Amino acid sequence: MTGPYESDLCALISRNLRYLRVHHDLTQSEVASRLDVSRSTYSLMERGRTELTLHQALDLCRYYDISVSQLACRSLPHCSCCGPR
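This note's numbering applies: residue 47 is where the sequence shown begins, and numbers increase by one.
Shown next, in the form of structure tokens:
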């Protein structure tokens with residue numbers, strides 16, 4: 047069972063996963079391939095229906111060249127690393 051903080055964090059990371067993918071002009075299939083999961087599994091991650099493993103989170107952070115704290119950033123679309131260009 048997860049508390050409200052964990053639920054909020056999972057929702058935030060899920061939202062940021064989608065934002066990063068779209069921002070980098072990638073398809074779900076391309077990111078799923080990077081993580082070695084199916085497109086449908088990655089889709090579940092973006093929708094917050096399944097959680098990333100620590101290994102997957104770190105792999106995506108390296109791929110997008112961001113920190114783990116940026117992956118969980120509330121204002122990622124406005125962050126200097128990934129905000130509007």
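C-beta atoms are modelled at their ideal positions from N, C-alpha and C, and glycine is treated no differently.
Every value quoted in this text rests on a predicted model; they were computed, and no experiment measured them.
Quick one: residues in its chain with C-beta nearer than 6 Å to the C-beta of residue i, no 5 flanking neighbours on either side, listed in chain order?
i	result
S89	Q74
L81	Q102
Report the three-state DSSP secondary structure of residue i (helix, strand or coil).
i	result
D82	coil
R120	coil
Classify residue i as buried or exposed, calling it buried when 16 or more other Cβ atoms lie within 10 Å of its own Cβ.
i	result
R67	buried
V114	exposed
L98	buried
E92	buried
In its own chain, which residues sit with a C-beta less than 7 Å from the C-beta of residue i, not counting the 5 before and 5 after it?
i	result
L122	N62, Y65, Q116 and C128
L55	A118
S84	A78
D111	none
C17	Residue 17 is absent from the model: the chain starts at 47 and stops at 131.
I'd like the list of long-range same chain contacts for residue i, defined as Cβ closer than 8 Å, with 5 residues on each side in sequence excluded.
i	result
R120	L58
Can you name the start and end residues of the alpha helix (DSSP H) that residue i belongs to?
i	result
L106	L100 to Y110
S115	V114 to L117
Compare the C-beta of residue i with all C-beta atoms of chain B and state if any pair is closer than 7 Å.
i	result
Q102	Absent here is chain B; the protein component of the structure consists of one chain.
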